[in-house]
Amino acid sequence: MISVTEAVANRQSVRSFTKKQVSDETLKSLIIKSSRSPSGGNLQPWRIYVVNGDTMKSFLDFQNTWQGSDKPEYPIYPEKLKEPYRTSRFKIGEQLYNSIGIERSDSQARVDQMLKNFTFFGAPAGLFCYVDRQMNQPQWSDLGMFLQTFMLLAQEEGIDTCAQESWSLRQKMVSEFTEADEEHMLFCGMAIGYRDTTSPLNNYKTDRRSLDSWCTFISK
Ligand SMILES: Cc1cc2nc3c(=O)[nH]c(=O)nc-3n(C[C@H](O)[C@H](O)[C@H](O)COP(=O)(O)O)c2cc1C
């Protein structure tokens, strides 16, 4: 069994998956274990929908034939993102597109790659993660803890993931499929499966800003 440190180090956002299936039992076990995540007041404000196996096929078919019009559930990034965040965001975009040889000028190829979010990057399983609309930032952060716990536990099983805020752009369509309560809002999706180790999309490591730029050991 891998250590937590190894799970943290091995986890990366995987954007190309093999066809190997993940069983409902495995997903259920990961979800139950993830529910040990802490949450303020123990509210456990997460609401999770699982699409797997034949249901993944039904969902993708449903999406392809959906006729409605959608709108973003929330702004994914602040408008006029400031530094150093803007540069970090720019850098991961460049890393991703460079890995598969897409030029900066090739906006169609960039869009096509971005649209792969909406096939869960070919993953056999996915989650849709909701939070009650009554909740505020603290509970959104609780949901984030759940997601990270899930992603680390998945590593223990050799299973890879990619959290996907992009699904919030198609929240109406998704919620028609999940039949989620109107009171719940879609925060994100998550692609789940086994990484295609041969894909260049999975063969680079994102960097992190240096400790000094965001952590201060106060000495007075
Ligand atoms: C809540 C959340 C939502 C994300 N949404 C997307 C997404 O919609 N599409 C995508 O390709 N990556 C998405 N990511 C992955 C980030 O881009 C990724 O975590 C970041 O670049 C760091 O890379 P790493 O996960 O490989 O360490 C998301 C990550 C988080 C935590």
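Numbered per the working numbering, the sequence shown finishes at 222, counting up by one with no gaps.
Each residue gets a CB set at the ideal place from its N, CA and C atoms; glycine is no exception.
Quick caveat: nothing in here was measured; it's all calculated off a predicted structure.
Does DSSP put residue i in a helix, in a strand, or in coil?
i	result
I194	strand
D183	coil
N54	strand
F219	coil
L171	helix
R91	helix
L188	strand
CB residue i to CB residue j, shorter than 7 Å?
i	j	result
L203	R17	yes
L32	F130	no
G128	F120	no
E185	D134	yes
D72	K174	yes
W48	L145	yes
L155	P74	no
Q166	R13	no
G2	F19	For residue 2 there is no data in the structure shown, the boundaries of the chain being 3 and 222.
A182	Y132	yes
G76	T180	Before going on, a small fix: residue 76 reads as Tyr here, not Gly. Cβ distance not < 7 Å, so Y76 and T180 don't count as in contact.
V6	P126	no
M147	S39	yes
P140	G42	yes
S109	Y206	no
I94	T218	no
Please confirm if residue i has its CB atom under 7 Å from at least one CB of chain D.
i	result
R210	Although the question refers to chain D, the structure presented lacks it and comprises just one protein chain.
Using a threshold of 6 Å, is the CB atom of residue i nearer than that to any non-hydrogen atom of ligand 1?
i	result
Q157	no
N119	yes
I94	yes
S15	yes
Q173	no
T180	no
A165	yes
T208	yes
C190	yes
S168	yes
Is residue i a contact residue of ligand 3, with contact defined as CB to any heavy atom under 6 Å?
i	result
A11	By its list of ligands, the structure shown excludes ligand 3, since it contains just ligand 1.
Note to self: My parser needs the alpha helix (DSSP H) runs of 4 or more residues fully inside the stretch 104-167; what are they?
What the structure shows: 109-117, 139-158
Alpha helix (DSSP H) runs contained entirely in the stretch 7-37, provided each spans 4 or more residues = 26-36
*Counting Cβ pairs closer than 8 Å, one from the stretch 156-164 and one from the stretch 190-206, do we hit at least three?*
yes
### Task
Determine contact between the stretch 52-60 and the stretch 108-117, defined as no fewer than three beta-carbon pairs at a distance below 8 Å.
no
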